[in-house]
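Protein chains in written order, with our numbering: chain A, 8 to 76; chain B, 103 to 364.
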């Protein structure tokens with residue numbers, strides 16, 4: 008399978024082409040209920056990460072709540 | 103009797119009722135456990151939180167939600183660090199996605215040194231958020247006209263600054279705050295710039311519905327004691343406001359009867 012480069016929270020990651028977003032999230036140990044996810048600036052429905060296949064140059068943002076005023 | 107009255111006197115934001123009129127920020131603490139403990143001392147039921155990237159290289163980093171239970175304490179996601187409408191909208195849409203929160207604090211800053219809000223961007227963003235069903239508490243300057251514009255744009259609470267964020271200067275323009283309070287039906291919550299507990303009392307005595315404090319508690323030498331001081335100060339200020347203060351006179355007025363003096 009071909010490998011592609013994507014960006015997760017600004018960092019370059021190498022994944023398999025067409026691999027599922029859910030697998031990436033699982034590998035990164037992301038507590039899915041406590042985050043929000045953007046794929047190329049579009050918010051993703053967290054229930055559907057299994058249906059999303061990663062493409063070259065995809066930009067993923069995973070955010071959560073931290074301390075702030 | 104008086105205590106019963108105080109319990110009935112609730113802060114209502116977007117139809118939700120809160121007993122505590124003190125909202126605290128969760129930034130600038132030494133640790134998450136220190137933050138969680140300070141919140142307990144403050145008695146706050148609402149805390150502000152920021153939206154940031156998950157640290158993907160450190161998988162074991164503790165999460166805020168592990169320390170502050172969002173089922174017990176209302177999280178108020180903010181847009182701290184946003185300098186335009188686009189970034190603020192993106193941040194709050196993501197915040198809503200994290201856990202279905204609709205109650206949010208909008209702050210769009212205009213200047214990196216004084217941290218004053220950019221009211222043009224703020225107003226625009228308030229309108230969009232209200233249309234999208236958000237309940238928006240809006241950080242703003244202490245300008246009554248701008249506060250009115252925000253109310254007309256669909257804001258759920260007006261949050262005028264006391265002074266620049268983190269400055270600890272206290273309430274700089276009491277008159278404007280009173281005008282803002284008088285002209286609006288919305289809750290007015292003093293946000294930013296308080297330095298000590300008495301500043302919170304003054305805000306409440308001006309008729310404000312609540313105060314938001316972060317730095318003054320988090321950066322105090324003893325944050326837990328300061329959290330408690332602010333809790334008491336807010337209660338004292340509210341009671342004082344509700345009790346109806348005496349008028350001011352130029353000359354003295356003896357407290358003891360002048361009749362029967364020997």
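No residue lacks a Cβ here, since even glycine has one placed at the ideal position from N, Cα and C.
Fair warning: this is a prediction, and the values are worked out from it, not measured in the lab.
Per-residue contacts from residue i into chain B (C-beta, under 9 Å)
{"i": "residue 49 of chain A", "result": "Within chain B, no residue comes near residue 49 of chain A; the closest Cβ sits about 10 Å away, beyond 9 Å."}
{"i": "residue 35 of chain A", "result": "156, 158, 161"}
Residue i: contacting residues in chain B (beta-carbon distance under 7 Å)
{"i": "residue 39 of chain A", "result": "What residue 39 of chain A touches in chain B: nothing, since even the nearest Cβ is about 10 Å away."}
{"i": "residue 24 of chain A", "result": "Chain B residues near residue 24 of chain A: none, gap ~20 Å exceeds 7 Å."}
{"i": "residue 59 of chain A", "result": "Near residue 59 of chain A there are no residues of chain B at all, since even the closest Cβ is about 15 Å away, more than 7 Å."}
Coil, strand or helix - residue i by DSSP
{"i": "residue 327 of chain B", "result": "helix"}
{"i": "residue 349 of chain B", "result": "coil"}
{"i": "residue 56 of chain B", "result": "This structure leaves residue 56 of chain B out entirely; chain B is present only between 103 and 364."}
{"i": "residue 319 of chain B", "result": "helix"}
{"i": "residue 257 of chain B", "result": "coil"}
{"i": "residue 210 of chain B", "result": "coil"}
{"i": "residue 215 of chain B", "result": "coil"}
{"i": "residue 42 of chain A", "result": "coil"}
{"i": "residue 236 of chain B", "result": "coil"}
{"i": "residue 74 of chain A", "result": "strand"}
{"i": "residue 49 of chain A", "result": "strand"}
{"i": "residue 191 of chain B", "result": "helix"}
{"i": "residue 250 of chain B", "result": "helix"}
{"i": "residue 278 of chain B", "result": "helix"}
{"i": "residue 54 of chain A", "result": "helix"}
{"i": "residue 61 of chain A", "result": "coil"}
{"i": "residue 33 of chain A", "result": "helix"}
{"i": "residue 228 of chain B", "result": "helix"}
{"i": "residue 333 of chain B", "result": "helix"}
Whole-Å CB distance - residue i paired with residue j, under 8 Å assumed
{"i": "residue 70 of chain A", "j": "residue 155 of chain B", "result": "6 Å"}
{"i": "residue 116 of chain B", "j": "residue 258 of chain B", "result": "4 Å"}
{"i": "residue 13 of chain A", "j": "residue 59 of chain A", "result": "Contact doesn't hold; Cβ gap of about 12 Å is too wide."}
{"i": "residue 127 of chain B", "j": "residue 17 of chain A", "result": "Not confirmed; about 26 Å, so no contact."}
{"i": "residue 302 of chain B", "j": "residue 326 of chain B", "result": "About 16 Å separates the two Cβ atoms, so there is no contact after all."}
{"i": "residue 296 of chain B", "j": "residue 72 of chain A", "result": "No, residue 296 of chain B and residue 72 of chain A are not in contact; Cβ-Cβ is about 23 Å, not under 8 Å."}
{"i": "residue 192 of chain B", "j": "residue 312 of chain B", "result": "Not quite, the Cβ-Cβ distance comes to about 28 Å (not below 8 Å), so this is no contact."}
{"i": "residue 178 of chain B", "j": "residue 205 of chain B", "result": "6 Å"}
{"i": "residue 274 of chain B", "j": "residue 265 of chain B", "result": "5 Å"}
{"i": "residue 223 of chain B", "j": "residue 187 of chain B", "result": "5 Å"}
{"i": "residue 286 of chain B", "j": "residue 249 of chain B", "result": "6 Å"}
{"i": "residue 329 of chain B", "j": "residue 140 of chain B", "result": "4 Å"}
{"i": "residue 44 of chain A", "j": "residue 53 of chain A", "result": "7 Å"}
Contact list for residue i against chain B, beta-carbon separation under 8 Å
{"i": "residue 30 of chain A", "result": "Going along chain B, no residue has its Cβ under 8 Å from residue 30 of chain A, so there is no contact; the nearest lies around 15 Å."}
Under 9 Å by beta carbon: chain A residues contacting residue i
{"i": "residue 102 of chain B", "result": "There is no way to answer for residue 102 of chain B, as the model of chain B reaches only from 103 to 364."}
{"i": "residue 317 of chain B", "result": "76"}
{"i": "residue 137 of chain B", "result": "74"}
{"i": "residue 241 of chain B", "result": "Here the premise fails: no neighbours, minimum Cβ distance about 10 Å."}
Interface partners of residue i on chain A, CB under 7 Å
{"i": "residue 260 of chain B", "result": "What residue 260 of chain B touches in chain A: nothing, since even the nearest Cβ is about 18 Å away."}
{"i": "residue 131 of chain B", "result": "74"}
{"i": "residue 123 of chain B", "result": "Within chain A, no residue comes near residue 123 of chain B; the closest Cβ sits about 17 Å away, beyond 7 Å."}
{"i": "residue 328 of chain B", "result": "Going along chain A, no residue has its Cβ under 7 Å from residue 328 of chain B, so there is no contact; the nearest lies around 15 Å."}
Within chain A, partners of residue i - CB distance below 8 Å
{"i": "residue 200 of chain B", "result": "41, 42, 43, 70, 71, 72"}
{"i": "residue 195 of chain B", "result": "50"}
{"i": "residue 306 of chain B", "result": "Those within 8 Å of residue 306 of chain B in chain A number zero; the least Cβ separation is about 20 Å."}
{"i": "residue 166 of chain B", "result": "71, 72, 73, 74"}
Short CB-CB distance (under 8 Å) between residue i and chain C
{"i": "residue 128 of chain B", "result": "In the displayed structure, chain C is absent; the protein chains listed are A and B."}
Practice prompt. Please list the residues of the stretch 143 to 160 of chain B that have a C-beta atom closer than 7 Å to any C-beta atom in chain A, keeping them in chain order.
Written response: Listed by position along the chain: 150, 151, 152, 153, 154, 155, 156, 158.
Worksheet item: Where are the beta strand (DSSP E) runs, 3 residues long or more, that stay fully inside the stretch 283 to 317 of chain B, in chain order?
Response: 291 to 293, 312 to 315
Item to complete: May I ask you to list, following chain order, the residues of the stretch 179 to 190 of chain B that have a beta carbon less than 7 Å from some beta carbon of chain A?
Response: 179, 180, 182
Discussion item. Under 8 Å, CB to CB, which of the residues in the stretch 8 to 21 of chain A have a partner in chain B?
Written reply: Across the stretch 8 to 21 of chain A, CB contacts with chain B closer than 8 Å involve 15, 16, 17, 18, in sequence order along the chain.
Worksheet item: Mind pulling the alpha helix (DSSP H) runs of 4 or more residues that sit fully within the stretch 108 to 165 of chain B?
Response: Taking only runs of at least 4 residues, the alpha helix (DSSP H) segments lying wholly in the stretch 108 to 165 of chain B are 134 to 144.
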